[in-house]
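Under numbering that gives the first Met the number 0, the first residue of the sequence shown is numbered 0, with each subsequent residue one higher. From the three backbone atoms N, C-alpha and C, an ideal C-beta is built for every residue, glycine too. Data first, discussion second: the structure below is written as C-alpha cells.
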Amino acid sequence: MDLSGRTALVTGAASGIGRATALALAEAGARVAVNHLDRAAEADEVVDRLRALGARAIACEADVSDGAQVGAMIDKVVAALDGIDILVNNAGIILERPFLDMDEADWDRVLGTDLKSVFLCCRAALPDMLARGGGCIVNVASELGYLGRAGYAAYTSAKAGVIGLTRSLAREFAPTIRVNAVAPGPVATAMLDPSLMSPEVIARETDIPLGRLGQPEEIAASVVFLASPLASFYCGQTLGPNGGALMT
Ligand code: NAD
C-alpha cells in the first residue's frame with residue numbers, strides 16, 4: 000500500500016488501535032497527525048516513532064466531543080501537514096452500566112465521545128478534503144454496534160450510530176470522498192476488561208472461532224486498507240475484523 004504524499008489524521012492515537020493505525024499509515028508513507036486528549040507524553044512517543052519511520056508527524060491535542068476544539072485541531076493539521084486526505088475517527092470510550100442506573104450525563108458522555116465526535120470531525124475536515132478533490136474517511140465502530148450487549152446500552156447505541164453515519168456520509172459524498180468503517184471484535188487494548196485477556200476466559204466466555212483476541216495491528220491493517228487505493232470500490236462498508244465472532 001502506497002500512501003506517500005497523503006496526510007492522515009487519527010483521533011485517539013496515543014494508544015491502542017489508534018496508535019497502531021498511525022504507525023501503519025506512516026509505514027505506508029503517509030504524513031500523520033496524532034490526536035490525543037490529555038496524553039501528551041504518549042502522543043509525543045508515537046510522533047517520535049513516526050518520525051523514525053521517516054514520516055512527517057505532529058501531535059494535536061483536542062477533545063473530539065467538543066466542536067470548537069475539533070475545529071482548531073483541523074486548522075492546525077491542515078496548516079502543518081498541507082491538508083487532510085485521510086481521516087480516521089478512532090477515539091472512543093466504553094461504559095459498562097446497568098441501563099436503569101445510567102443517567103443523562105453518562106449517556107451524553109458516551110454518545111458525545113463515540114458518535115458526536117465522528118459528526119464533528121467529519122464536518123470540520125470535509126471542506127478541506129473536498130477542496131483537495133478527494134479523500135477517505137474510516138470510522139471505528141464495534142461489532143457490539145450490531146450485536147448489542149447487556150450493560151452497554153450507550154456504547155452499543157453509539158457504535159450502531161457510527162455504522163449508520165458511515166453509510167449516510169458515504170452516499171452524500173461519493174464519489175469524491177469514500178467513507179467506510181471497521182467494526183472490530185474484542186481487541187487486546189486498555190479498553191478491554193483485563194479479565195477477558197486470559198486465554199481461559201476468552202475460550203469460556205467468547206465465541207471467537209479463531210480462539211483469541213485481536214491485536215491492534217490487525218485492526219489497523221483493515222483501516223489502512225480502506226484508506227488506500229486498494230479499496231477503491233469500497234463505499235459505505237463496515238469491515239469486521241473479529242476473528243469470526245460475527246460472520247456477515
Ligand atoms: P484505547 O482506550 O487504547 O483507545 C481510545 C483512545 O481514545 C485513547 O487514546 C483515549 O485517550 C482516546 N480518547 C477518549 N476520549 C477522547 C476524546 N474525547 N478526545 C480525544 N481522544 C479521546 O482503546 P482502543 O481499543 O484502542 O479503542 C479505539 C477504538 O476502537 C474505540 O473507538 C473503541 O470503541 C474501538 N473498539 C475497541 C475494541 C476493543 O476490544 N478494544 C473493540 C471494538 C471497537
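Cβ-based burial, residue i [other Cβ within 10 Å; buried from 16]
i, result
"residue 194", "exposed"
"residue 237", "buried"
"residue 104", "exposed"
"residue 3", "exposed"
"residue 246", "exposed"
"residue 22", "buried"
"residue 221", "buried"
"residue 130", "exposed"
"residue 20", "buried"
"residue 175", "exposed"
"residue 227", "buried"
"residue 72", "buried"
"residue 18", "buried"
"residue 49", "buried"
"residue 27", "buried"
"residue 95", "exposed"
"residue 224", "buried"
"residue 113", "buried"
Cβ distance (whole Å) where residue i is taken to contact residue j below 8 Å
i, j, result
"residue 215", "residue 15", "5 Å"
"residue 124", "residue 24", "Actually they do not touch by this definition, with Cβ atoms about 15 Å apart."
"residue 45", "residue 63", "Actually they are not in contact, since the Cβ atoms of residue 45 and residue 63 sit about 16 Å apart, beyond 8 Å."
"residue 91", "residue 139", "7 Å"
"residue 58", "residue 42", "4 Å"
"residue 66", "residue 127", "Not quite, the Cβ-Cβ distance comes to about 16 Å (not below 8 Å), so this is no contact."
"residue 135", "residue 170", "Rounded, the Cβ-Cβ distance is 15 Å, inconsistent with contact."
Within-8 Å CB hit, residue i to chain D
i, result
"residue 115", "This model lacks chain D altogether; it includes just one protein chain."
field: Segment contact, 8 Å Cβ cut-off, at least three pairs: the stretch 110-123 with the stretch 189-209
entry: No, because fewer than three Cβ pairs between the stretch 110-123 and the stretch 189-209 fall closer than 8 Å, the two stretches do not touch.
query = Do the stretch 172-181 and the stretch 147-157 meet, that is, are 3 or more Cβ pairs less than 8 Å apart?
reply = No, because fewer than three Cβ pairs between the stretch 172-181 and the stretch 147-157 fall closer than 8 Å, the two stretches do not touch.
| query | Does the stretch 228-247 come close enough to the stretch 161-180 to have 3 or more Cβ pairs within less than 8 Å? | reply | For the pair of segments examined, the stretch 228-247 was found to touch the stretch 161-180: the number of CB pairs separated by less than 8 Å reaches three.
With a floor of 4 residues, list each alpha helix (DSSP H) that falls wholly inside the stretch 35-70, ordered by position along the chain. Listed in chain order, they are 39-51.
**Item:** Uninterrupted alpha helix (DSSP H) stretches inside the stretch 112-197 (no shorter than 4 residues)
**Value:** 116-130, 143-146, 152-172, all fully within the stretch 112-197.
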